[in-house]
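Engineer: Residues 4 to 218 in this note's numbering are what the sequence shown spells out, letter by letter. We put the beta carbon where it would ideally sit given N, CA and C, even for glycine. All of these numbers come straight from a predicted model, not from anything done at the bench. Below you'll find the structure I mean.
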Amino acid sequence: MDFTFWDIVRNLLMGLRWTAVLSVVAFIGGGLIGLLVLLMRISKKRFARTLARGYIELFQGTPLLMQLFLIFFGVALLGIDISPWMAAALALTLFTSAYLAEIWRGCVESIANGQWEASASLALSPLEQMRYVIFPQAFRVAIAPTVGFSVQVIKGTAVTSIIGFTELTKTGSMLANATYEPFMVYGLVALGYFLLCYPLSLSARYLERRLHASA
4 MDFTFWDIVR NLLMGLRWTA VLSVVAFIGG GLIGLLVLLM RISKKRFART
54 LARGYIELFQ GTPLLMQLFL IFFGVALLGI DISPWMAAAL ALTLFTSAYL
104 AEIWRGCVES IANGQWEASA SLALSPLEQM RYVIFPQAFR VAIAPTVGFS
154 VQVIKGTAVT SIIGFTELTK TGSMLANATY EPFMVYGLVA LGYFLLCYPL
204 SLSARYLERR LHASA
């Protein structure tokens, strides 16, 4: 089958769509789990802190590719059918949650101790302190690095091509084999990632300046 330039572009756009969808799912899911891990990480209960620290070190200390293989092939060994899409979404969600929890922990701990003491003097419970005093200030600090990390999530989706999930990189690989034009195809793949990531990088830098988070 002969592929025209526009056939290649159209197929790559379909792969780009799945890259974007997977990134959004992983980021939202990772954010929700990451928030729970964060609360455990800063908890006064030693067991919760230890569990959260172990979770973070596990996913930060092992390659994403290995996590993906363990989920995809490990679940299958249990006799449970798991699609490449589900395995990719689960692996990226867990990976993202560990990094977001640690990013947010640093932001929470950057808030001056006086804020904790002042909120405690108002007879607020620890949960109310977090909700009304600490989190609003930490959010301002966290927004720029959080947006910046979303770029890493998008680039991380490329690894999922190894288990057969047809995102941008996998689509590019199949097109390169079919067209014998690897330079052009992978050049377009790189352009696709750039178009997704560059606006986010600009947004992170803008928000950092706008919110004076580095000050």
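Apart from the five residues on each side of it in sequence, which residues of its chain come closer than 8 Å, Cβ to Cβ, to residue 61?
Structural biologist: As a position in the sequence shown, residue 61 is number 58, starting the count at 1. 101, listed in sequence order.
Engineer: Could you check what DSSP says for residue 125 in three-state terms: helix, strand or coil?
Structural biologist: By 1-based counting over the sequence shown, the position of residue 125 is 122. If DSSP states are grouped into helix, strand and coil, residue 125 belongs with coil.
Engineer: Quick one: what does DSSP say residue 39 is sitting in, helix, strand or coil?
Structural biologist: Taking the first residue of the sequence shown as position 1, residue 39 is located at position 36. Residue 39 falls in the helix class under three-state DSSP.
Engineer: May I ask you to report which of helix, strand or coil DSSP gives residue 217?
Structural biologist: Numbered from 1 along the sequence shown, position 214 holds the residue referred to as residue 217. With a pLDDT of 46 at residue 217, under the threshold of 50, the predicted position of this residue should be treated as unreliable, though the coordinate-derived value follows. Coil, per DSSP.
Engineer: Starting from the Cα of residue 91, find the closest Cα among 108, 71 and 175 and give me that residue.
Structural biologist: Counting from one through the sequence shown, the residue named residue 91 turns up at place 88. Looking at the Cα atoms, 71 is the closest of the given residues.
Engineer: Which residues in the same chain as residue 298 place their Cβ atom closer than 7 Å to its Cβ, once the five residues preceding and following it in sequence are excluded?
Structural biologist: Residue 298 lies beyond the stretch modelled for the chain, which goes from 4 to 218, so this question has no answer here.
Engineer: Alpha carbon to alpha carbon, how far is residue 66 from residue 125? Give it in angstroms, no decimals.
Structural biologist: For this step, residue 125 is matched to residue 122 along the sequence shown. For this step, residue 66 is matched to residue 63 along the sequence shown. The alpha-carbon atoms of residue 125 and residue 66 are separated by roughly 45 Å.
Engineer: Would you kindly check if the distance between the Cβ of residue 154 and the Cβ of residue 204 is under 8 Å?
Structural biologist: What you label residue 204 is simply residue 201 of the sequence shown in a count that begins at 1. What you label residue 154 is simply residue 151 of the sequence shown in a count that begins at 1. Closer than 8 Å, so yes.
Engineer: So, is residue 122 buried or exposed, given that buried needs 16 or more other C-beta atoms within 10 angstroms?
Structural biologist: Counting from one through the sequence shown, the residue named residue 122 turns up at place 119. It counts as buried.
Engineer: Quick one: complete alpha helix (DSSP H) runs, 4+ long, within the region 38-124?
Structural biologist: Runs found: 49-63, 67-80, 87-112 and 116-124.
Engineer: The alpha helix (DSSP H) spanning residue 143 covers which residue range?
Structural biologist: Position 140 of the sequence shown, counting from 1, holds the residue named residue 143. Where residue 143 is concerned, the enclosing alpha helix (DSSP H) stretches over 138-159.
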